[in-house]
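Heads up, the thing below is written out as C-alpha cells.
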Amino acid sequence: MSEDNQGSTQQDSNVTHFKVRVLLVDDQLIIIEAVRRMLDGHPDIEFHYVSNAAVAVETAVMMQPTVILQDLVMPDIDGFALIQAYRQQPSLAPVPVIVLSAKDDAKLKAHSFAVGANDYVVKLPDRLELLARVRYHSSGHISRLQRDEAFRFLRESQQRLADANIELQKLAALDGLTGIGNRRRFDEVLPVEWQRGQRERKPLSLLMCDIDCFKHHNDTFGHQAGDMCLKKAAAILTEHLKRPADLAVRYGGEEFAIVLPDTDSAGAMLIAEACRSHLEALAIDNTGAAVGDVVTMSIGVATVVPGPESSVEELMARADKALYAAKSDGRNRVCL
Ligand code: GH3
Ligand code: MG
Ligand code: MG
Ligand code: MG
Numbered sequence: 001m002s003e004d005n006q007g008s009t010q011q012d013s014n015v016t017h018f019k020v021r022v023l024l025v026d027d028q029l030i031i032i033e034a035v036r037r038m039l040d041g042h043p044d045i046e047f048h049y050v051s052n053a054a055v056a057v058e059t060a061v062m063m064q065p066t067v068i069l070q071d072l073v074m075p076d077i078d079g080f081a082l083i084q085a086y087r088q089q090p091s092l093a094p095v096p097v098i099v100l101s102a103k104d105d106a107k108l109k110a111h112s113f114a115v116g117a118n119d120y121v122v123k124l125p126d127r128l129e130l131l132a133r134v135r136y137h138s139s140g141h142i143s144r145l146q147r148d149e150a151f152r153f154l155r156e157s158q159q160r161l162a163d164a165n166i167e168l169q170k171l172a173a174l175d176g177l178t179g180i181g182n183r184r185r186f187d188e189v190l191p192v193e194w195q196r197g198q199r200e201r202k203p204l205s206l207l208m209c210d211i212d213c214f215k216h217h218n219d220t221f222g223h224q225a226g227d228m229c230l231k232k233a234a235a236i237l238t239e240h241l242k243r244p245a246d247l248a249v250r251y252g253g254e255e256f257a258i259v260l261p262d263t264d265s266a267g268a269m270l271i272a273e274a275c276r277s278h279l280e281a282l283a284i285d286n287t288g289a290a291v292g293d294v295v296t297m298s299i300g301v302a303t304v305v306p307g308p309e310s311s312v313e314e315l316m317a318r319a320d321k322a323l324y325a326a327k328s329d330g331r332n333r334v335c336l
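Residue numbers 1 to 336, in UniProt numbering, belong to the letters of the sequence shown in order.
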C-alpha cells in the first residue's frame, strides 16, 4: 500500500462501497491537468471536472460528487455564488466543498466559509495534502451515504416482511383443499358483519350446509372422489353469492357456511335452495346412499337483525338447529 493510499474505504459485505467522486470546478485547463495528476491512480478516487462554471450546478446535480473542489475566480460566475447555488440544491447541500484558490487571503477564506465552504486550500497544494483533505471531507459524506443506504435496505426489508405477513395471513384464512375461506375467516368475518348489521339495522343471514351421506360417498368412491366432490360443492356455493360482502367458507370436513349481510330470510332461502338444487343437478354418483343415488346437501338457514337482545352465538345455534331439522326431515332440503 502506498503511503497516500491510507484511508481508502474498505469493502463492506453489507453496505455498498462508495468511491470518493471528486468534481473539480475550474476554468483553467492547466489546473485541471495538475489536479488530475494528483488524484489519478488512486483506486478509491474518481476524478471529474467541469471548466464551464455556467453548467457547474447541473453537472454536479447529475453526477452527485462526494466532494467538490471549487475555484473562486471564473469568467461567468464567481466561486462564492456557485457554493451558494450548491447549497440551494437539496441533493448537493450536504456535499463538502473545498475552495481551491490562488490567493492566501484571510478575507477570502472567511467569506468562503461564510457562504458554505468546508475548507480552503491555496493552489496548487502538495499532492499529499490535497489527497488528505479530499479523503477527510469525503469520509463524513460517505458514511452518511452508507447510513442512508443501510436505512433504505432496512426499510425495504421491513416492507418485504410486512408484505409477506399479509400474504401469510391471507393464506392462513384459506382452505387448502377448496381455496375458499376457512373457519378462521368465518370467525373473523361474522362478528364484523354482526356489528355492521347492528349499526345499519340490516338483517344478517347465516347458512349452515352439510353434504348428505358423505361418508358413504367416501367409502364407496374413495377419498380422492370425496375431495373432488368437496371442491365442486365449494365452487357452487361461491357461484351463487351475489355481493362482494357475501362469504362462503369451508367450516370443516364436509360442512360449509355462508354469511349473507343485508339479506332477509326470503333472500337467504332463495340462495340456499339454488345451491342445494345445483349440487343435486350435478348428479355426482352416490349409489346406495340412504338419501338417494346422487350427492346432495342439507342447509339450515337463520336470519336476525343484529341487536342487544340477540348474539352471534344465537344466530349460529339457530342455523345449526335448522340444519339438524333438514337432516331429520329426510336430508336434501333447506330448513328455516
Ligand atoms: P350426514 O348425511 O348425516 O351428514 O352423514 P355424513 O356421512 O355426511 O356425515 P359424517 O359426519 O358421518 O361423515 C362425514 C365424512 O366426511 C367423514 C369424513 O371422512 C369425511 N371428510 C371430512 N373431511 C374430508 C375431506 O377433506 N376429504 C374427504 N374426502 N372426506 C372428508
Ligand atoms: Mg479561475
Ligand atoms: Mg357433517
Ligand atoms: Mg354430512
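Note that the Cβ used here is the ideal one computed from N, Cα and C, for glycine as well.
Under the three-state DSSP convention, the category residue i falls into
i      : result
Ser311 : coil
Leu323 : helix
Cys275 : helix
Ile299 : strand
Asp4   : With a pLDDT of 45 at Asp4, under the threshold of 50, the modelled position of this residue cannot be trusted; read the value that follows with caution. Helix.
Ser328 : helix
Leu230 : helix
Gly267 : helix
Gly288 : strand
Leu161 : helix
Gly197 : helix
Lys19  : coil
DSSP beta-bridge partners of residue i
i           : result
Asp174      : The residue you asked about is not Asp; residue 174 is Leu in the sequence shown. Gly181.
Glu255      : Asp210, Gly252
Leu247      : Val259
residue 337 : This structure does not reach residue 337, given that the chain is present from 1 up to 336, and the question cannot be answered.
residue 350 : Because residue 350 is not part of the residues shown, which for the chain are 1 to 336, the question remains open.
Val334      : Ile299
Val294      : Asp285
Residue nearest to residue i in terms of C-alpha spacing, selected from the options
i      : options                        : result
Cys46  : Gly292, Arg36, Ala54           : Per the sequence shown, the amino acid found at residue 46 is Glu instead of Cys. Closest by alpha carbon: Arg36.
Leu336 : Asp264, Thr178, Ser138, Val312 : Asp264
Trp194 : Ile32, Tyr324, Pro306          : Pro306
Leu241 : Gly252, Phe256, Asn218, Ile271 : Ile271
Asp119 : Ile98, Asp212, Gln169, Asp329  : Ile98
Lys123 : Gly300, Gly179, Ala150, Leu72  : Leu72
Glu58  : Asn332, Val25, Met228          : Val25
Leu29  : Arg160, Leu108, Gln88, Asn52   : Asn52
Ile32  : Gly41, His42, Gln70            : Gln70
Ser311 : Leu154, Ile166, Val22, Leu206  : Leu206
Gly181 : Asp246, Val67, Ala302          : Asp246
Leu177 : Ala162, His223, Ala274, Ser139 : His223
Lys107 : Met63, Ala257, Phe80           : Phe80
His278 : Ala290, Lys321, Met297, Val291 : Met297
Ile236 : Arg331, Pro65, Asp219, Ala281  : Ala281
Lys231 : Val249, Arg243, Thr220, Pro244 : Val249
Cutoff 8 Å: residue i Cβ touching any chain C Cβ
i      : result
His216 : Note that chain C does not occur in the displayed structure, where there is just one protein chain.
Worksheet entry | At least three beta-carbon pairs within less than 8 Å, the region 132-148 to the region 99-106 | no
Discussion item. I'd like the ranges of any beta strand (DSSP E) spanning at least 3 consecutive residues and lying wholly in the UniProt domain "Response regulatory" (21-138).
Written reply: 45-50, 67-71, 97-101, 119-122
Discussion item. Measuring CB atoms only, is the region 213-229 touching the region 159-170, in the sense that at least three cross pairs come out at less than 8 Å?
Written reply: no
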